[in-house]
Each structure stands twice: as C-alpha cells, then as structure tokens.
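These notes are about the structure you will find just below.
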Amino acid sequence: MKNILPSPLQFKKNKLTFDGVLLESIAQKLPTPFYLYSQKTLDSYFKSFTQSAKAHKINNPLVCYAVKANSNIEVLKRLKDLGSGADVVSVGELKKAIKAGIPPEKIVFSGVAKTKDEILFALKCGKSGIYSFNVESIEELILINDLAKSIKKKARVAFRLNPQVHAKTHKHISTGNKTHKFGLLKADIQEAVAVTEFWTHTNLVGLSVHIGSQLTDMKATVSAIKELANLALDINLPIEFLDVGGGLGIDYTHKERSKLASIDYYMQTVSMALEQFYFSKSSILIKPRIVFEPGRILVGKMGVLVSRVVRTKTSDNCHFTIIDAGMNDLIRPALYEAHHEVLPATKSAKLITTDIVGPICETADCFGTKRKLPSLTSGDLVVIDNAGAYGRTMASNYNERSLAAEIFFR
Ligand SMILES: *Cc1c(COP(=O)(O)O)cnc(C)c1O
Numbered sequence: 012m013k014n015i016l017p018s019p020l021q022f023k024k025n026k027l028t029f030d031g032v033l034l035e036s037i038a039q040k041l042p043t044p045f046y047l048y049s050q051k052t053l054d055s056y057f058k059s060f061t062q063s064a065k066a067h068k069i070n071n072p073l074v075c076y077a078v079k080a081n082s083n084i085e086v087l088k089r090l091k092d093l094g095s096g097a098d099v100v101s102v103g104e105l106k107k108a109i110k111a112g113i114p115p116e117k118i119v120f121s122g123v124a125k126t127k128d129e130i131l132f133a134l135k136c137g138k139s140g141i142y143s144f145n146v147e148s149i150e151e152l153i154l155i156n157d158l159a160k161s162i163k164k165k166a167r168v169a170f171r172l173n174p175q176v177h178a179k180t181h182k183h184i185s186t187g188n189k190t191h192k193f194g195l196l197k198a199d200i201q202e203a204v205a206v207t208e209f210w211t212h213t214n215l216v217g218l219s220v221h222i223g224s225q226l227t228d229m230k231a232t233v234s235a236i237k238e239l240a241n242l243a244l245d246i247n248l249p250i251e252f253l254d255v256g257g258g259l260g261i262d263y264t265h266k267e268r269s270k271l272a273s274i275d276y277y278m279q280t281v282s283m284a285l286e287q288f289y290f291s292k293s294s295i296l297i298k299p300r301i302v303f304e305p306g307r308i309l310v311g312k313m314g315v316l317v318s319r320v321v322r323t324k325t326s327d328n329c330h331f332t333i334i335d336a337g338m339n340d341l342i343r344p345a346l347y348e349a350h351h352e353v354l355p356a357t358k359s360a361k362l363i364t365t366d367i368v369g370p371i372c373e374t375a376d377c378f379g380t381k382r383k384l385p386s387l388t389s390g391d392l393v394v395i396d397n398a399g400a401y402g403r404t405m406a407s408n409y410n411e412r413s414l415a416a417e418i419f420f421r
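Taking the numbering used here, the leading residue of the sequence shown gets 12, the next gets one more, and so forth.
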C-alpha cells in the first residue's frame, strides 16, 4: 500500500536521465530555467488513478483534473485524450480546458468568486453548459439562477459543502474548516434546497467537498466523505453525482514517502467510506456517479525545473550555490516552506554542504538550506524535482524575469 511513485528522473552511470535520456543532452540547446514534463509519467498516473477507481468499484467515475495544478496546453490535451474532464476555478482555465478539447459536459467550475461574466460564459458553453457550477455561497446560487433565467437556460449546480474537518496539511492549503472561505455549511445548504425561488432556472445535480491539498493521511478524507454522505441522505433527492474533490498528496521528501497514502489506498478508502456512509444507507434507486478532482497527484511527479548554476559564493562559513531559477519560477518553498529535492546532473562521491538560492531579491528565494551536493561551478545543471504541480502555474514576472519555457517530453 505504501508504494514509491514513479518519477522520470533516474541516475544512470552517475548521470541524471529524464525518461531515459541524458539530461545534459536535453538541456544542451535550451535556455534555462525551463520546466520539463514527462508524458509517460503523466499517462502512468492518470491510468493508475482510473484503473484503481475501477478496481475498487467506484460508481461510474468521472475524473475532473484540477487545471490550476498545471495548465500547460499539451498537458491538458494529453489528459483530454486519456479521457479526463476538468475542474476549473476561473474563466481563463475554462477557456483553456475547452481549447484543449475537454468537453463542457466534463467540466466543473469551483471557486468562491465566480463573476457574472464567468457564469454567463460557462452557461453558454456547448449544448447545455458545463457539467456543474460547484456553488460556494447562497449569493452565488441566486446570481446563477438570475443569469440562467436572463438567457433562458437551466444551470446545473452542486453545493460545495464545508465539512468542518481539519485536514493535516500546511495552513495555506487547508480548505475544509469553518474559518476558511470555501464551501457552505450544512444547515445553509439544507435551508437553500427548500427555497423554491432559487431553483426556477437551476437544477441541483450534485454535492461536492474538497478539504485541502497535499493530504497524506486519509482520516480527514473519510470524515469529509461522511459529512458529504450525511448531507446527501438528509436532502434525500435524486442527484447525479457526489464529488469527493482532490487533494491526494505526493512524496516530496523521504519522510513523506513512508506515510503517504498510495493512489490505491486512497481509492479503497474513498470507496469504503462511500459504501459505508452513503450507498448502504440511501433509499434512492439511482446511484450517483462519483466525481474526483485530482490535481497534484496526476501532474506533480511528471515535472522538473531545470536550471543552471550562475556562480557559487562563500561568506564566512556559509556556502551558496546560486542558480538561475528563482521563487518567481517555483514559489512553493517560499510560500509553503515546501521541500523540493535538488539534484545535480552528475553524481559525485564528494559532497559539500550548501544553500541553493535563486537570483530574486528576497531572502525567501531559497530552494534548500544545508543540502549535500557536489561542488558545482558556473554553467552546471541542477534539477529541482517534483515540480509538475503548482510550479509554472504559480510563476510570475517578479524582478522583470520572463516566464520559464515548458517542454512536454514524449
Ligand atoms: C485545488 C483544487 C483541487 C486539486 O487539489 P490537488 O491538491 O492538486 O489535488 C481540487 N478541487 C478544488 C476545488 C480545488 O480548489
């Protein structure tokens, strides 16, 4: 159950390879820094996700990939080819998903701040709009109903429940507690279901939950599904789907590797929780299908950030390896104190202790302190591992730097 997730990186004869190809040769003609994505690895994660859902008898699963994790068009097109839908949080993401060929009937729209224009665009997509607006406030529901009425359509909506569970993850990526801005409390949903004027141009098609990101321990996930199930049982209306959200984590560190839930263990947990808390208790004959919104687990391990050493520097007993990638390219260490392995292109038995820092004028622009690396010099390649999720999508132009290129390696 605790498996090591496949990665495109491997050392062969002390040389770092990506999908079996020497990194030095891939990087030869490319300006650094750049993101490098492995189609093979993406395929393997998507397939294990869907095959595992099937193996655990998840009812008619729909995978709506969370576009914010990595919105590269080639990545989206590949996921579309593999059968994925999309979970979007802005009209920009919605347009990009559609551009990649993902059908609107497989797109759910999450987010607390959907605007009038965004809702109108989503209502007009395809023949009957998107699969679902995952509604996060009563005000939003009223607006959707009004806008659907104004263009003589019916909107498909789901409530996002705030299950009031505490996910054990970094405080910036936990979303399922009462103090967080996300979702609606159960009582507010129950009340809204009974207000007939909210439903003249909307249909309640589902219920959803999403409690946070980089979840490793499944306890909070089970509690969230229990809350979702109880809400569905209380409402007791035929709905088309239950959406269990995303959030499954990947191993960034060795410590995480040992306690991380595998895709298979996650699916088994979700399946058992749905059976125990919902399917075995529901008297409604039509079984809702199960929607998933995975982001990081599908794309996190397929991507790396490739950079070169600008120079090294010592001050007193501190040693710095200064690289040409910065926090504007990959903000996770600065924002979440996240750990990313930094690997040299050539392995060496002789290691030094060094801090890997970027060019940005911020002390937080640091990819790792007290790391063991070979002594590197100007022009040497380094790779920041597990950067496929929330890497390039969170990049900025800070310090007037340009956005890193993305290479989809097939
Ligand atoms: C970000 C997000 C996800 C995906 O989270 P991951 O941790 O990348 O799996 C899914 N659903 C919603 C509503 C989100 O905001």
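Note that the Cβ used here is the ideal one computed from N, Cα and C, for glycine as well.
All values reported here derive from a predicted model rather than from experimental measurement.
Secondary structure of G96, DSSP reduced to three states
Looking up residue 96 in the sequence shown gives position 85. G96: strand per DSSP, three-state reduction.
Bridge partners - F45, DSSP secondary structure assignment
Within the sequence shown, residue 45 is the residue found at index 34, counting from 1. In DSSP, F45 forms a bridge with V317 and A416.
Less than 8 angstroms separating the beta-carbons of I367 and G311?
By 1-based counting over the sequence shown, the position of residue 367 is 356. By 1-based counting over the sequence shown, the position of residue 311 is 300. In this structure, G311 does not lie closer than 8 angstroms to I367 by Cβ.
Run of the beta strand (DSSP E) containing F170, from where it starts to where it stops
To locate residue 170, count along the sequence shown from 1; it is residue 159. Per DSSP, F170 belongs to the beta strand (DSSP E) from A166 to R171.
Specify, as a first and last residue, the run of the beta strand (DSSP E) that A77 falls within.
On the sequence shown, position 66 is the one that residue 77 refers to. Where A77 is concerned, the enclosing beta strand (DSSP E) stretches over L73 to A77.
Rounded to whole angstroms, what is the Cα-Cα separation between L143 and F120?
As a first step, residue 143 must be located in the sequence shown, where it is residue number 132. As a first step, residue 120 must be located in the sequence shown, where it is residue number 109. A small fix is needed here, since residue 143 is Ser in this sequence, not Leu. Cα-Cα distance, rounded: 6 angstroms.
Considering only C-alpha positions, which residue in the set L87, K79, G94 and L53 is nearest to N71?
If you number the sequence shown from 1, residue 71 lands on position 60. Nearest C-alpha to N71: G94.
Just checking, does the segment 292-306 make contact with the segment 214-221 on the three C-beta pairs under 8 angstroms criterion?
yes
Relative to the alpha-carbon of A231, which residue among D335, K179, I69 and L195 has its alpha-carbon at the smallest distance?
The count along the sequence shown starts at 1 and reaches residue 231 at position 220. Per the Cα distances, K179.
Going by beta-carbon coordinates alone, are L105 and V99 separated by less than 8 angstroms?
The residue labelled residue 105 in the question sits at position 94 within the sequence shown. The residue labelled residue 99 in the question sits at position 88 within the sequence shown. Yes, Cβ-Cβ distance for L105 and V99 is below 8 angstroms.
Which two residues bound the contiguous alpha helix (DSSP H) that contains L248?
Position 237 of the sequence shown holds residue 248. Where L248 is concerned, there is no enclosing alpha helix (DSSP H), given that its DSSP letter is neither H nor E.
Thinking just about the alpha-carbon of each residue, which of G258, V315, L309 and V233 is nearest to the one in Q287?
Counted from its first residue, the sequence shown places residue 287 at position 276. Among G258, V315, L309 and V233, the Cα nearest to that of Q287 belongs to V233.
Should R421 be labelled buried (16 or more other beta-carbon atoms within 10 Å of its own) or exposed?
Indexing the sequence shown from 1 puts residue 421 at position 410. Label assigned to R421: exposed.
Buried or exposed (CB count within 10 angstroms, at least 16 for buried), L285
Counting from one through the sequence shown, the residue named residue 285 turns up at place 274. When all chains shown are included, L285 counts as buried.
Express the C-alpha separation of T28 and A198 in angstroms, rounding to a whole number.
Position 187 of the sequence shown holds residue 198. Position 17 of the sequence shown holds residue 28. The alpha-carbon atoms of A198 and T28 are separated by roughly 54 angstroms.
Considering just the uninterrupted stretch of the alpha helix (DSSP H) at Q21, what are its terminal residues?
Residue 21 sits at position 10 when you count from the first residue of the sequence shown. Where Q21 is concerned, there is no enclosing alpha helix (DSSP H), although the beta strand (DSSP E) it sits in stretches over L20 to K23.
How many Å lie between P114 and I162 at the Cα?
For this step, residue 114 is matched to residue 103 along the sequence shown. For this step, residue 162 is matched to residue 151 along the sequence shown. Answer to the nearest angstrom: the Cα atoms are 21 angstroms apart.
Residues that DSSP places opposite D275 in a beta bridge
By one-based count along the sequence shown, residue 275 stands at place 264. Answer is none; D275 lacks a bridge partner.
By Cβ distance below 7 angstroms, which residues in the same chain neighbour K192 in space, the five residues on each side in sequence not counted?
The sequence position of residue 192 within the sequence shown is 181, counting from 1. Here the set comprises V123.
May I ask you to list the residues that DSSP assigns as paired with L259?
The sequence position of residue 259 within the sequence shown is 248, counting from 1. Per DSSP, L226.
Under the three-state DSSP convention, the category V119 falls into:
Counting from 1 along the sequence shown, the entry for residue 119 is found at position 108. Strand at V119.
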